[in-house]
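Asker: In terms of this note's numbering, the sequence shown is residues 406 to 756. Dumping the structure here so I can ask a few things about it.
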Amino acid sequence: MCAPEQRPVLALPVLRQTDDCPDRGDRGNVEVMTTEPAARAASSPIAAGTVLITGPTGSLGRETALAMARRPAPERPDLLLLGRPGAGLEAIAAETRLAGATAHAIGVDLARLGDVRTAAARARELLASEALRPLRAIVANAGVTGSMTRAVTADGYERTFAVNHLAHARLIGDLLDALAEPARIVLLGSNTYYENAFRRMLGVAPSDWRDPIELASPERAPSSLREAGVAYSNSKLAIIYYAHELQRRAPAGVQVSVFEPGWMPSTGLSREMGEPVRRALAAIARIPGVSSPAKSGPMLAAVALDARWAQLRDGAFVVKSKERAVEPFAVDPARESRLWEATAELLERAR
Ligand SMILES: NC(=O)c1ccc[n+]([C@@H]2O[C@H](COP(=O)([O-])OP(=O)(O)OC[C@H]3O[C@@H](n4cnc5c(N)ncnc54)[C@H](OP(=O)(O)O)[C@@H]3O)[C@@H](O)[C@H]2O)c1
């Protein structure tokens, strides 16, 4: 997310030139793809299985689930929708079924690691019952940002790190051996992990990496908009590091990538940012060319499903429809291995 946190109004002249947070030119781009049916491979083995999506009630998750459900039958996977229980979850399950998908909803609060474990067990039961085709992909989409109220989870961890990283690490850890190879894991990244001139101008806080035990500590829970931005960017850097380590540890046929949907102002991510900021973001969202869940959802669906993206692995970073190199500091085997160990310790403590 490149969401402005302090001076959103400054975004307007820049966004007329770009629909996204500008990065480093085209360095690192290796492929441009389209989500048009003719350009998709008809026989993706992933689309012939089940895709689990977290956060299907939100903006991007919802559009991704719908994009998958609306595909023609041979390209349409079964769906396991893991979201906060309630009317929103029931509604997206019903809509995807109406579109033709076999879909099951599992209620989960990702801020409770015990709940995540129960949801993973329920997913395994459904897969074992043959209510669904084999599990071929996990799209770890759910995310939070923006609390200025020192939000801490039921397990006593800083909420942004806990929901964005720890909850997904538990879910993936619990389901890794349930994946049928070939399989894909797509994590949700954000370019806010590093600063560039555009984000500096908008006051978007970059990451400020610390030992993961410290990042999870309740003392690190944000109490200002700036600290909330740092916590978000740290959680998104953690996801890139985790993706690299996960690829080293996953079975050979499980491919790990990270998707960045572009800056989609005015999604649920801004819900805690206050009315003036939300109004400014809603105005920016209406500017032609700005990314939106409706445009980025089908791109995320394609990265999870299509044969065109079958080469992605090792935590490859895809910004909308282009694979890009990450910043040099985002590839760090020592930090990646430390994150893995610390994550295991934090998950163990929460048992
Ligand atoms: N928006 C952007 O510009 C942008 C840019 C880069 C990356 N991303 C990433 O894209 C992903 C989707 O973001 P979005 O913009 O679509 O945000 P969103 O509209 O707020 O959707 C987030 C989803 O996560 C779910 N979620 C959050 N906390 C949860 C919890 N404790 N338990 C269960 N579900 C929970 C939300 O459910 P509820 O609605 O029930 O809370 C919602 O379904 C996130 O990972 C985000 O970091 C977004």
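Note that the Cβ used here is the ideal one computed from N, Cα and C, for glycine as well. Since this is a predicted model, take the numbers as computed values, not measurements.
CB Thr672 to CB Ser464, shorter than 7 Å?
Answerer: yes
Asker: Find the nearest neighbour of His649 within the set Met473, Ala721 and Ser552, judged by alpha-carbon distance.
Answerer: Ala721
Asker: Taking the runs of the beta strand (DSSP E) that are 3 residues or longer, which of them lie wholly in the segment 584 to 665?
Answerer: 584 to 593 and 659 to 665
Asker: Take the Cβ of Gln716 as the centre, count every other Cβ of all protein chains shown within 10 Å, and call the residue buried at 16 or more, exposed below.
Answerer: Around the C-beta of Gln716, fewer than 16 other C-beta atoms lie within 10 Å, and the residue is accordingly described as exposed.
Asker: Closer than 7 Å by C-beta to Glu500: which residues in its own chain qualify, once you throw out the five before and the five after it? Chain order, please.
Answerer: Leu471, listed in sequence order.
Asker: Tell me whether the beta-carbon of Val513 lies closer than 7 Å to the beta-carbon of Pro482.
Answerer: It is not a contact, given that the beta carbons lie outside the stated cut-off.
Asker: Give, in chain order, every unbroken run of the beta strand (DSSP E) that is at least 3 residues long and sits entirely within the segment 509 to 589.
Answerer: Entirely contained in the segment 509 to 589, the beta strand (DSSP E) runs reaching 3 residues are, in chain order, 540 to 545.
Asker: With distances taken from CA atoms, which of Val695, Glu665 and Leu584 is nearest Pro450?
Answerer: Leu584
Asker: Compute the Euclidean distance between the alpha carbons of Gly488 and Phe603, then round it to the nearest angstrom.
Answerer: 33 Å
Asker: Give the DSSP-derived three-state secondary structure of Thr507 in the structure shown.
Answerer: coil
Asker: Name the two residues that bound the continuous alpha helix (DSSP H) containing Ala690.
Answerer: Ala690 -> alpha helix (DSSP H) spans Glu680 to Ala690.
Asker: Is it right to say Gly702 is buried, meaning 16 or more other beta carbons lie within 10 angstroms of its own, or is it exposed?
Answerer: buried
Asker: Does DSSP put Val724 in a helix, a strand or coil?
Answerer: strand
Asker: Along the chain, where does the beta strand (DSSP E) that runs through Val708 open and close?
Answerer: From DSSP, Val708 is part of no beta strand (DSSP E) but of the alpha helix (DSSP H) over Pro698 to Leu710.
Asker: Would you mind stating whether Gly679 and Ile645 have Cβ atoms separated by less than 7 Å?
Answerer: no
Asker: Thinking Asn639 and Trp614 are a contact (beta carbons under 8 Å), I'd like their distance in whole angstroms, please.
Answerer: 6 Å
Asker: From the DSSP output, which residues share a beta bridge with Leu484?
Answerer: Its beta-bridge partners are Val456 and Ala508.
Asker: Check whether the Cβ atoms of Phe664 and Leu620 sit closer than 7 Å, and answer yes or no.
Answerer: With contacts defined by Cβ atoms closer than 7 Å, Phe664 and Leu620 do not form a contacting pair.
Asker: Given Arg555, which residues of its chain have a CB within under 8 Å of its CB, disregarding the five upstream and five downstream residues?
Answerer: Pro623, Ala626, Pro627 and Ser628
Asker: With H, G and I counted as helix, E and B as strand and the rest as coil, what does DSSP make of Arg475?
Answerer: coil
Asker: What does a CB cutoff of less than 7 Å around Leu549 pick up in its chain, not counting 5 residues either side in sequence?
Answerer: Residue 549 is actually Val in this sequence, not Leu. Excluding sequence neighbours, Val549 sits near Arg564, Thr565, Val568 and Asn569.
Asker: Considering only residues of the same chain and omitting the five flanking positions on each side of Val724, which have a CB-CB separation below 6 Å?
Answerer: Glu665
Asker: What does the alpha-carbon distance come out to for the pair Arg538 and Gly519?
Answerer: 26 Å
Asker: By Cβ distance, which residues of its chain are closer than 6 Å to Asp431, with the 5 residues on each side in sequence left out?
Answerer: Unreliable placement is indicated for Asp431, whose pLDDT of 34 sits below 50; the coordinate value is still reported in the next sentence. Excluding sequence positions up to five before and after Asp431, its CB lies less than 6 Å from no other CB in the same chain.
Asker: Ends of the alpha helix (DSSP H) at Arg743?
Answerer: Pro738 to Arg754
Asker: Using the beta-carbon count (16 or more within 10 Å), is Arg476 buried or exposed?
Answerer: buried
Asker: Rounded to whole angstroms, what's the CA-CA distance from Ala508 to Arg502? Just pull it up for me.
Answerer: 6 Å
Asker: Tell me which residues share the same chain as Ala636 and place their Cβ nearer than 6 Å to its Cβ, disregarding the 5 neighbours each side in the sequence.
Answerer: Thr565 and Pro627
Asker: For ligand 1, is there any heavy atom lying closer than 6 Å to the beta carbon of Met704?
Answerer: Answer for Met704: no, Cβ out of range of ligand 1.
Asker: Just tell me which of Thr469, Glu480 and Pro461 has its CA closest to the CA of Pro490.
Answerer: Pro461
Asker: How would you call Glu480, buried or exposed, if buried means at least 16 neighbouring beta carbons within 10 angstroms?
Answerer: buried
Asker: Rounded to a whole number of angstroms, what is the C-alpha to C-alpha distance between Val521 and Asp560?
Answerer: In a straight line, the C-alpha of Val521 is about 12 Å away from that of Asp560.
Asker: With DSSP as the reference, label Arg676 as helix, strand or coil.
Answerer: In this structure, Arg676 counts as coil in the three-state DSSP scheme.
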